[in-house]
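Numbering (our numbering), first residue to last: 8 to 92. Each residue gets a CB set at the ideal place from its N, CA and C atoms; glycine is no exception. Take a look at the structure below.
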C-alpha cells in the first residue's frame, strides 16, 4: 500500500427507546398503537372499581372511559336507535 492509515473502530451511539414515543409513531403510521393499549397512554393508571355486571346499579352515577370502534344508526318506528362498539 502506498499510504498506511490506522484502522478506526467506529461505534454507533446507543439509542434510547421510550414506549410513549413508539406508540406515538405507531399512531401516526397506522392510526392506532400496536405495542400497547390505547388506555396505557392515559396520564392516570386508575381504571375504576365498577364491574360490568354492576353497571345497572350505577346508572348515571359513573363516568365511563371507552374507545369507540364503530357506530350504527338504525331507524325504528319510535325514532333512531344508536349502537356502538
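Between which two residues does the alpha helix (DSSP H) containing residue i stretch?
| i | result |
| --- | --- |
| residue 27 | 26-37 |
Could you tell me how far apart the beta carbons of residue i and residue j are, in whole angstroms, since I believe they sit closer than 8 Å?
| i | j | result |
| --- | --- | --- |
| residue 65 | residue 57 | 5 Å |
| residue 75 | residue 91 | 6 Å |
| residue 40 | residue 49 | Contact flag wrong, Cβ pair sits at about 12 Å. |
Just the C-alpha distance for residue i and residue j, rounded to the nearest angstrom, thanks.
| i | j | result |
| --- | --- | --- |
| residue 43 | residue 35 | 14 Å |
| residue 14 | residue 23 | 28 Å |
| residue 72 | residue 20 | 41 Å |
| residue 79 | residue 18 | 55 Å |
| residue 33 | residue 27 | 10 Å |
| residue 68 | residue 82 | 29 Å |
| residue 84 | residue 55 | 37 Å |
| residue 38 | residue 45 | 11 Å |
| residue 29 | residue 89 | 35 Å |
Could you check where the beta strand (DSSP E) with residue i kicks off and where it finishes?
| i | result |
| --- | --- |
| residue 87 | 86-91 |
| residue 54 | Taken as a continuous stretch (DSSP letters only), residue 54 belongs to no beta strand (DSSP E), as it is neither H nor E. |
| residue 81 | 78-83 |
For residue i, which residues of its own chain have a beta-carbon under 6 Å away from its beta-carbon, when the five flanking residues on both sides are left out?
| i | result |
| --- | --- |
| residue 52 | none |
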